[in-house]
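Its first residue numbered 1, the sequence shown is counted upward by one per residue in the working numbering.
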Amino acid sequence: APVGHNEAVHLALDSHPDGARIATLDAAGHSYGDDLVVSLHDLPAEVARRERHRPRWVWESATRWYPALLAAGVRVERSVELRLCHVILRNSALTAGSALATARPGPWDATPGVVVPGREEQAGLFDVVSQPRPLDVCAEFASQVATVQACDSPGPLRLLLAAESAGALVAVEIQHAGLPWDAALHDRLLTDRLGPRPLGGERPAKLEALAVTIRETLGAPDLNPDSPADVLKALRRAELTVTTTRSRELEHIDHPVIAPLLTYKKLSRLHAANGWQWLEAWIRDGRFHPVYVPGGVVTGRWAASGGGALQLPKEIRGAVVADPGWKLVVADAAQLEPRILAGMSGDRRMTEAGQDGDLYEGIVAAGAVSTRAEAKLALLGAMYGARSGDSGRLLPRLTTAFPDAIALVEAAARAGERGEVVSTRLGRSSPAPGEEWRDRQRTSFGPDATKGERASAAAESRSWGRFTRNFIIQGTGAEWALCWMAGLRNLLWALGQGGLAERPQLVFFLHDELVVHAPAHLAEEVAVAMRQAAHDAGQMLFSGSVIDFPITVAIVDSYAEAK
Numbered sequence: 001a002p003v004g005h006n007e008a009v010h011l012a013l014d015s016h017p018d019g020a021r022i023a024t025l026d027a028a029g030h031s032y033g034d035d036l037v038v039s040l041h042d043l044p045a046e047v048a049r050r051e052r053h054r055p056r057w058v059w060e061s062a063t064r065w066y067p068a069l070l071a072a073g074v075r076v077e078r079s080v081e082l083r084l085c086h087v088i089l090r091n092s093a094l095t096a097g098s099a100l101a102t103a104r105p106g107p108w109d110a111t112p113g114v115v116v117p118g119r120e121e122q123a124g125l126f127d128v129v130s131q132p133r134p135l136d137v138c139a140e141f142a143s144q145v146a147t148v149q150a151c152d153s154p155g156p157l158r159l160l161l162a163a164e165s166a167g168a169l170v171a172v173e174i175q176h177a178g179l180p181w182d183a184a185l186h187d188r189l190l191t192d193r194l195g196p197r198p199l200g201g202e203r204p205a206k207l208e209a210l211a212v213t214i215r216e217t218l219g220a221p222d223l224n225p226d227s228p229a230d231v232l233k234a235l236r237r238a239e240l241t242v243t244t245t246r247s248r249e250l251e252h253i254d255h256p257v258i259a260p261l262l263t264y265k266k267l268s269r270l271h272a273a274n275g276w277q278w279l280e281a282w283i284r285d286g287r288f289h290p291v292y293v294p295g296g297v298v299t300g301r302w303a304a305s306g307g308g309a310l311q312l313p314k315e316i317r318g319a320v321v322a323d324p325g326w327k328l329v330v331a332d333a334a335q336l337e338p339r340i341l342a343g344m345s346g347d348r349r350m351t352e353a354g355q356d357g358d359l360y361e362g363i364v365a366a367g368a369v370s371t372r373a374e375a376k377l378a379l380l381g382a383m384y385g386a387r388s389g390d391s392g393r394l395l396p397r398l399t400t401a402f403p404d405a406i407a408l409v410e411a412a413a414r415a416g417e418r419g420e421v422v423s424t425r426l427g428r429s430s431p432a433p434g435e436e437w438r439d440r441q442r443t444s445f446g447p448d449a450t451k452g453e454r455a456s457a458a459a460e461s462r463s464w465g466r467f468t469r470n471f472i473i474q475g476t477g478a479e480w481a482l483c484w485m486a487g488l489r490n491l492l493w494a495l496g497q498g499g500l501a502e503r504p505q506l507v508f509f510l511h512d513e514l515v516v517h518a519p520a521h522l523a524e525e526v527a528v529a530m531r532q533a534a535h536d537a538g539q540m541l542f543s544g545s546v547i548d549f550p551i552t553v554a555i556v557d558s559y560a561e562a563k
C-alpha cells in the first residue's frame, strides 16, 4: 500500500528523551490518541507486538532504526522512509508547486549519514538513534501525504514512494544478512593471481615482476606504473601516440609494452579494490555486509558507501560460497533498459521484438539491422546519445523501425538541451541545470558572443541533453528494480519458516541482478518467486502492457558459477 493509503495503520516512530515515541496516525498523517513512550531496551518487543497488525511504520530513515530491530530478530513488513520520500517530492515535476517543494531548505533536506555496524565501538545498538534531532516525523508525514494527494497524478507517485521505502528496508536487510564469503578461498584467489601477500606496502610479486617488465620495455628504470601521468610520459617518449592510459585506448596499440601494462592495470585494480586489506576490513564472520545507499544516484539508482558493493569483480566471485545445505539463487534481468524504453514509449514493434526472449535478436528479425551486435550498439547509442561511428550510422534505421521509442528519448534530449526537467515513469524528476549553465546559454545567443562561447554553450547543451535522455530510462529501470525487490522480499518471507536466519534472504543487489541465499530445499521455489516478482514489477509500472521482463536464474553453490 502506498503512502497515505488508509488500509494500513500508520505508526510514527521517533526519538524521545526516555527512548522512543510511537504515535498512531490517521490517513491524513495526523496523530490521534495517546503516544506511547518506550525504552530502547523494550522497543524491539513492542515493535514485534505491533507487527501482528501489519502497520506501516513512519520513520526518518531505516538506517536509523531498522539495524537494531533486525539484530533483535524483529522484521518490519512495511514502512515510510521520510527522508527519501522528501527528496522525491521536493524535486518531482508532479509536485513542483506544493508547499513542500517551494519551502526553504530545512533539516529534512540534509543528507543522512550511513551507519556501518562493526566499524566502531558500540555501547548499544540504538545509540545512533538516541541523540536529539530537530525533526518532527508526524508533521513531515502529514506534509508528504497532503503533497501527494494534491498532485494531478498521485497514483504513480504513491507507488514510487512505497517502492523507495521498501527498498530502504531491503538495503538494511541485505547488510544485516551479509553475502556468504569464504575468506580463505579469497586469500587463495589473490595469491594465485598476485603472488603471496607482501609485507608492508610492497607490491605483490606478480605485480612487481610486471612493473620490471614495463620499465625495461620502455627504457624507464624509475617509472611508477601506478602513476597514469608517469606512464603517459613514458609511452610518449617511446613514440606512441596516446592521449590517456585507459585500457580501451591502449588495446588498439601494437607495442610489446601493451600486454604487460594492461595485465598490470587489471591486477593492480584487484589488489587495490578487493585485495587483502579489503578482505580484512569487510569480511566478518564469513559474511560481506554491503552498505548500500538507496537513492544515492540522482536517477534513483543505489550507491554504495565503501566496500565496493556495486562492483564486485569476477576474479573474486568464486569466494562467494553458499553455506552447507544452502544455495545461492542468482537472477539477472535481461536487457532491462531497452525493455524499459519499449514500455515507456508504448512502441508496439519494439515490444513485439522482445516477446520471444532476446530483444536484440527481435530487432534483427524486424529487419532494422543485420546482426545482434548492431542491434545492441544501435539501441544503446540511442539511449545514451551516441551520434558518431556505427551508432550514428545505424540510428536512422532504428528510427524507421521503432519511431515511438526513438521519439521518446529524442524528446527527452531536446528538453534537456532547453534546460527543462524530465521525469521517470513514476514521477522522479531530473535536476535542472544551474544558473551558470543558463547564463552561458543566454550569453551564447547574444550579439557579442564569440564563436568559442557559442561552441562551448552548444556542447554543454548537448551534454545535458544526453543526461536527460538517459535519465528517464535509467531512472525508470531503477523503479522497476525497486518493485522487483519489494515484491520478492515478501514472497521470500512467505516461503520460509522460523526466524530471519532460517528463511531465504536477499544478500546482494547490483542494478539488475539479485542474489538470494536460500535453504537448498527451497531453491527452486525461490527461483519461481524471482520470476514472479519480476513479472509483477513490470505490471506495476506498465499496467496492461504486454512488455515482459524475463530474467535468467541460476541455482549455484558459488557466485562464480552463475556467469
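For glycine and all other residues, C-beta sits at the position ideal for the given N, C-alpha and C.
Within the same chain, show all residues whose beta-carbon is closer than 7 angstroms to that of residue i, passing over the 5 residues directly before and after it, in chain order.
i, result
"SER391", "LEU377, ALA378 and GLY381"
"ARG462", "GLU417"
"ALA529", "LEU488, LEU491, LEU492 and LEU495"
"PHE542", "GLY343"
Can the beta-carbon of residue i be found closer than 9 angstroms to that of residue j?
i, j, result
"ASP34", "HIS10", "no"
"THR147", "LEU82", "no"
"GLY565", "ARG469", "A question about residue 565 goes unanswered here, because the residues of the chain that appear run from 1 up to 563."
"GLY362", "ILE547", "no"
"GLY419", "PRO433", "yes"
"ARG75", "LEU500", "yes"
"LEU398", "ALA368", "yes"
"HIS30", "CYS138", "yes"
"PHE288", "GLY178", "yes"
"VAL272", "SER345", "The residue you asked about is not Val; residue 272 is Ala in the sequence shown. No, these two residues do not count as a Cβ contact at 9 angstroms."
"ALA163", "ALA534", "no"
"GLU460", "TRP484", "no"
"LEU160", "ARG428", "yes"
"ALA93", "VAL298", "no"
"ALA205", "LEU223", "no"
"ALA304", "GLY296", "yes"
"LEU506", "LEU312", "no"
"SER558", "ALA322", "yes"
"HIS86", "GLN144", "yes"
Please report the straight-line C-alpha distance between residue i and residue j, rounded to a whole angstrom.
i, j, result
"ARG372", "ALA401", "15 angstroms"
"SER444", "ARG21", "56 angstroms"
"ARG78", "ARG56", "5 angstroms"
"SER153", "LEU185", "52 angstroms"
"GLY307", "ARG425", "31 angstroms"
"THR217", "ASP230", "15 angstroms"
"GLU479", "GLY155", "14 angstroms"
"PRO180", "SER268", "25 angstroms"
"LEU341", "ALA405", "6 angstroms"
"HIS41", "GLY19", "8 angstroms"
"VAL409", "ALA386", "12 angstroms"
"TRP65", "TYR384", "39 angstroms"
"ILE283", "LYS327", "19 angstroms"
"GLY465", "ALA411", "9 angstroms"
"SER247", "LEU262", "7 angstroms"
"ASP448", "GLU435", "20 angstroms"
"GLY389", "SER61", "46 angstroms"
"ILE253", "VAL293", "39 angstroms"
The beta strand (DSSP E) that contains residue i, what's its start and end?
i, result
"VAL556", "551-556"
"LYS327", "326-333"
"TRP59", "56-59"
What are the residues that DSSP puts in a beta bridge with residue i?
i, result
"THR24", "LEU11 and TYR32"
"GLN505", "HIS517"
"TYR292", "ALA304"
"VAL80", "VAL58"
"HIS16", "GLY19"
"VAL321", "SER558"
"SER430", "Answer by DSSP bridge pairing: none, since SER430 is not bridged."
For residue i, which residues in the same chain have their Cβ closer than 8 angstroms to its Cβ, ignoring the five residues on either side in sequence?
i, result
"THR552", "ALA331, ASP332 and ALA334"
Residue i lies in the alpha helix (DSSP H); which residues open and close that run?
i, result
"TRP181", "Note, TRP181: premise wrong, no alpha helix (DSSP H); not H, not E."
"TRP276", "276-282"
"TRP65", "62-71"
"CYS138", "137-150"
"HIS41", "Premise fails: HIS41 is in no alpha helix (DSSP H) and is neither H nor E."
Below 6 angstroms CB to CB, which residues in the same chain sit around residue i once its five sequence neighbours on both sides are set aside?
i, result
"ALA48", "VAL74"
"PRO44", "LEU69, ALA72 and VAL74"
"ALA554", "VAL330 and ALA562"
"VAL116", "Note that VAL116 scores 37 on pLDDT, short of 50, meaning its location in the model is unreliable; the coordinates nonetheless yield the value given after this. The answer, listed in chain order, is VAL291."
Chain C beta carbons: is any one of them nearer than 9 angstroms to that of residue i?
i, result
"ARG531", "In the structure shown, chain C cannot be found, because there is only a single protein chain."
Under the criterion of a Cβ to heavy atom distance below 8 angstroms, does residue i qualify as lining the ligand GTP?
i, result
"VAL257", "Absent from the structure shown: the ligand GTP. Ligands present: none."
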